[in-house]
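> Could you have a look at this structure, given as structure tokens, before my questions?
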Amino acid sequence: MMIKRTLADERQTIELGSQLATALHAPLVIYLQGDLGMGKTTFTRGLVQALGHQGAVKSPTYALVESYEFNAMRVFHFDLYRLQDPEELEFMGIRDYFTDDCVCLVEWPERGFGLLPPADLDVELRENSDGGRDVMITARTSAGETCLKKVVS
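Set out below in structure tokens:
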């Protein structure tokens, strides 16, 4: 199952993240794909704030991971852009993050190839000819499909 949307601006990117937040359940792995500046962190901001986070949501480019605690789940936002070798993830205890009470959003997942679990949802953001973004959210598992069905309905 897949949904496609065109996003005209940052506000619509945040709104789409918020919509997905209403359908989330743990455990879930979400890959965020797209070039630099395509809105992966903006999408994450909408999602995390819709879950109730009051503070800033920043890209974890240097820290590699930002964590957010909620009543029903924990959310981890990874940015692997600066990762030099997937083995670095072993040193940070990557497997400890992917547990039954967690939703993990991973930017640049290809940099962690071989050490990351497969995605339940794949979110791909691309620039379109109008200067906005086209987004495709693809369910890769039954858990991802359950989530997407809630967004579509």
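No gaps in the numbering here: position 151 of the sequence shown is 151 in full-length UniProt numbering, and each next residue is one more.
Backbone N, C-alpha and C define an ideal beta-carbon position, used for all residues, glycine too.
Rank D9, S67 and A143 by C-alpha distance to the C-alpha of A26 and give the top, closest one.
A143
> I need the straight-line Cα distance from K4 to T138, nearest angstrom please.
9 Å
> Should R95 and D120 be called a contact, given that it needs their Cβ atoms to be closer than 7 Å?
no
> Taking only three categories from DSSP, how would you classify K58?
coil
> Would you mind giving the Cβ-Cβ distance between D79 and P60, rounded to the nearest angstrom? I have them listed as a contact below 8 Å.
5 Å
> Hey, would you say L20 sits closer than 7 Å to T13, going by beta carbons?
no
> What residues in its chain sit with their C-beta under 8 Å from that of L24, if we drop five residues either side in the sequence?
L47, L51, M73, V103 and C147
> Where does Q33 fall in DSSP's three states?
strand
> Given a threshold of 16 other Cβ atoms within 10 Å of its Cβ, counted over all protein chains shown, does G34 qualify as buried or as exposed?
By the neighbour-count definition (other C-beta atoms within 10 Å, threshold 16), G34 is a buried residue.
> Going by DSSP in three states, R111 sits in which element: helix, strand or coil?
Residue state, collapsed to three classes: helix.
> For the beta strand (DSSP E) containing T138, list its first residue and its last residue.
R133 to A139
> Go ahead and pull the three-state DSSP assignment for L129.
For clarity, residue 129 is Ser in the given sequence; the question names Leu instead. S129 falls in the coil class under three-state DSSP.
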